[in-house]
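Residue numbering for the sequence shown follows my numbering, starting at 809 and increasing by one per position.
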Amino acid sequence: MSEGLSQYAGRTVIVGSGIAGLMAALTLAPQPVLLLTRSTLGGETSSAWAQGGIAASLGADDSAALHLADTLAAGDGLCDADIAADIISAAPALIEALERAGVRFDRDAQGKLLFGLEAAHSRRRILHAEGDGSGAAIVKALAAAVLNTPSIAVLEGTEVRRLLTDDGVVTGLICAGQGGSFALPATNVILATGGLGGLYEATTNPSGNYGQGIMLAARAGAILTDMEFVQFHPTALSSPRRPLALVSEAVRGEGALLLNENGERFMAAVPGAELASRDIVARAIDREILRGGKVFLDARQALGTGFSARFPSIDLLCREAGIDPARELVPVRPAVHYHMGGVATDGNGRSSVPGLWVAGETACTGLHGANRLASNSLLEAAAMGMRAAVDIAAQPTSKPVTAVTSFATPALPAADPAIVRPIVSRHLGIVRHEAGLADAIHKLLPLAEQNAPASDPAIVGLAIAVFAVLRTESRGAHFRDDFQEKETVAARRRLRLSDVIAIAHDLSSPSLSSSSLARSA
């Protein structure tokens, strides 16, 4: 295996084949790149499952300033305003780059871009490709472009188990493929591995995505930030299917209503109603379900027989569950959909570990703050994949590459989140409280400190729990029923894995409270 890998020595290694990874690879061309993907190219990625499109303020009645204002409002005080303005203002050039790569956004008969409306947006600014199959259409086009680019080599069926460092600097990766474990030298690595929805029992993400990139970066010493902010999409299709099918926010953007089992429109009196920010809608639906009720999406009057033409993918998912959305109520429930936190990066995707860039949902740039604005995620993924690539291309090319044979490949078990999911789902959900968070930490800490299949997922879950217990307020997607008010000053917290582990041990001490630790951490 090592002899075959020698041809890749000195290449930038990109881990992940969603939009961030694909855009990074294409942007680096003609510089040689090796793209590693656990599945097939573009397969099992959250990007490919995205029904929503890309938020871009290109309409005649829109502007980057309006888009920024909506983003900051949704972020509930925790956005990095400079980063957010920078990414949002790049949207026009980004859309052009995607179209040059082969993406075809939906247009009207006159060839003008069509814009959709989603929650917490003050304008119609969501661009779609093939309707509600946007993510799949974009990934398909970018994957085809990658395969047609000679400078990009792709290794499918390859999982990265660890990043290798020397004196805190990236030197390579330990991978597992069909031929077993192997080491790969690299001095420039981009992690673009997606989110952590697979840690939860109710998610719209691929179940294998448990936060691998966060785990890899954390074990390598990278700083993590905002790990407590996990976004629940309000309207997953309530069915036995796992992962849960998503019913895009765009359906509500077209006028569909939320009703309980009594036919009451329970969001009617809430500012923004069905198009309030996702955290507000998700908690409202959760309250209806917790009282023993049911929640439905009613698109019969707003869309009726036009549902299948406007949302063909969702129509198919509903019919698979035995529901005709044109004529029947669609049962919905909240499910984990996106993670606002992750590996702390700067505006070029650089992490705190030299040689390691992070892009997409694995990263935390500060764009999303405490609550992601709908369809900003694909915008960020594409933008930061490109920026990480541009930054790497500007790096000196004289970095020494260690020979493959000098690396040991320790026995590392394949990760299995099965033991972790019930703990995370119970205690790190839509509503949190100190006793539940303490129980999660108590159960996850020993798992995280082992070398077992549950250890890697447990590290990610433990980080969420520790960040959550330290945030003694409710803000955005983080809601504590024991601390329901916001702090006067919105503060972000940055911790390394060593800090997370140390705080978890301190929290096990009966003499220390979470509020005292929060003040000192």
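In this text, a Cβ means the ideal position worked out from N, Cα and C, and glycines have one as well.
Note that the structure is predicted; figures quoted are calculated from it, not measured.
Practice task
Let me know the secondary structure DSSP gives PRO1051 once reduced to three states.
Solution key: coil
Handout entry: Contacting residues, own chain, Cβ-Cβ under 7 Å from THR1001 (five flanking each side not counted)
Key = VAL823, GLY824, GLN1020, GLY1021, THR1170
Problem - Nearest to ARG1027 (by Cα), restricted to the options THR835, LEU971, ASN1070 - result: LEU971
Exercise for the section: Find the nearest neighbour of ARG790 within the set ILE1231, CYS983, LEU1252, LEU1187, judged by alpha-carbon distance. Expected result: The structure shown does not extend to residue 790, since the chain is modelled only from 809 through 1329, so no value can be given for it.
Problem - For GLY987 and MET809, the rounded distance between their alpha carbons - result: Low per-residue confidence applies at MET809: pLDDT is 41, beneath 50, and the placement is therefore not dependable, though the value from the model is reported in the following sentence. Using only the alpha carbons, I get a separation of about 8 Å.
Exercise for the section: Count the other CB atoms, across all protein chains shown, that sit within 10 Å of the CB of ALA814; report buried if there are 16 or more and exposed otherwise. Expected result: Reading off the sequence shown, one finds Ser at residue 814, where the question assumed Ala. The residue in question, SER814, is exposed, as its Cβ has fewer than 16 Cβ neighbours within 10 Å.
Exercise for the section: Give the range of the beta strand (DSSP E) segment to which HIS1147 is assigned. Expected result: 1138-1147
Problem - Buried/exposed call for LEU955, threshold 16 Cβ in 10 Å - result: exposed
Exercise for the section: Apply the 10 Å Cβ neighbour rule to ARG1288 and answer buried if 16 or more other Cβ atoms are within range, or exposed otherwise. Expected result: buried
Exercise for the section: Pair every Cβ in the segment 1045-1053 with every Cβ in the segment 1266-1274, then say whether three or more of these pairs are closer than 8 Å. Expected result: No: fewer than three Cβ pairs fall under 8 Å.
Handout entry: Distance between LEU1253 and SER1276 (C-alpha atoms, nearest Å)
Key = Looking at the sequence shown, residue 1276 is not Ser but Ala. Approximately 15 Å, taken between the alpha carbons.
Problem - ASN996, DSSP secondary structure in three states - result: coil
Practice task
Going by CA-CA distance only, name the one from ASP888, ASN996, ARG915 that's closest to VAL841.
Solution key: ASN996
Problem - Proximity to SER854 [Cα-Cα], best of ARG1234, ASP1199, VAL1144, LEU1181 - result: VAL1144
Practice task
Give a yes or no on whether the C-beta atoms belonging to GLY965 and GLY980 are separated by under 7 Å.
Solution key: no
Exercise for the section: Kindly list the residues whose CB is nearer than 6 Å to the CB of ILE896, restricted to its own chain and excluding five residues on each side of it in sequence; keep chain order. Expected result: ALA872, HIS875, LEU876
Problem - ASP1106 - containing beta strand (DSSP E), residue span - result: Judged by DSSP secondary structure, ASP1106 falls within the beta strand (DSSP E) whose first and last residues are 1103-1106.
Exercise for the section: Flag this pair as yes or no: are the beta carbons of ALA858 and VAL911 separated by less than 7 Å? Expected result: no
Problem - Check whether ARG1125 and ALA1053 have beta carbons under 7 Å apart - result: The identity of residue 1125 in the sequence shown is Leu, whereas the question assumes Arg. In this structure, ALA1053 lies closer than 7 Å to LEU1125 by Cβ.
Exercise for the section: Measure the Cβ-Cβ separation of ALA863 and ARG915 and say whether it is below 7 Å. Expected result: Cβ distance not < 7 Å, so ALA863 and ARG915 don't count as in contact.
Practice task
Would you please state the rounded distance, in angstroms, between the beta carbons of LEU1245 and VAL1228? I believe it to be under 8 Å.
Solution key: Actually they are not in contact, since the Cβ atoms of LEU1245 and VAL1228 sit about 15 Å apart, beyond 8 Å.
Problem - Backbone CA spacing between VAL977 and PRO1265 [nearest angstrom] - result: 24 Å
Practice task
Return helix, strand or coil for GLY1244, following the three-state DSSP convention.
Solution key: helix
Practice task
Tell me whether the beta-carbon of LEU1065 lies closer than 7 Å to the beta-carbon of ALA927.
Solution key: no
Handout entry: Beta-carbon contacts of LEU1007 that lie in its chain and below 7 Å, excluding the five residues immediately before and after
Key = TYR1018, GLY1019, PRO1225, VAL1228, ARG1229, VAL1232, PRO1265, VAL1268, GLY1269
Practice task
Hey, could you find the ends of the alpha helix (DSSP H) VAL1239 is sitting in?
Solution key: VAL1239 -> no alpha helix (DSSP H), and no H or E assigned at all.
Problem - Cα-Cα separation, LEU866 to GLY919 - result: 14 Å
Problem - Where the alpha helix (DSSP H) containing PRO1265 begins and where it ends - result: 1263-1278
Handout entry: Contact under 7 Å by Cβ, HIS1250 with ASP1290
Key = no
Problem - Closest residue to ARG1073 among ALA1107, VAL1055, SER1056, ALA1058 (Cα-Cα distance) - result: ALA1107
Handout entry: Simplified DSSP state of GLY1006, which is helix, strand or coil
Key = helix
Exercise for the section: In angstroms with no decimal places, state the Cα-to-Cα distance between VAL962 and ARG1135. Expected result: Computed Cα separation, rounded: 45 Å.
Exercise for the section: Just mark GLY860 as buried or exposed, buried being the case when its beta carbon has 16 or more other beta carbons within 10 Å. Expected result: With 16 or more Cβ atoms within 10 Å of its Cβ, GLY860 is classed as buried.
Exercise for the section: Measure the beta-carbon distance from VAL1166 to THR1153 and round it to whole angstroms, keeping in mind my assumption that it falls under 8 Å. Expected result: About 5 Å separates the beta carbon of VAL1166 from that of THR1153, a gap short enough to meet the 8 Å contact definition.
Exercise for the section: Quick one: using the 10 Å Cβ neighbour count with 16 as the cut-off for buried, is GLY1177 buried or exposed? Expected result: buried
Exercise for the section: Put LEU1181 into one of helix, strand or coil per three-state DSSP. Expected result: coil
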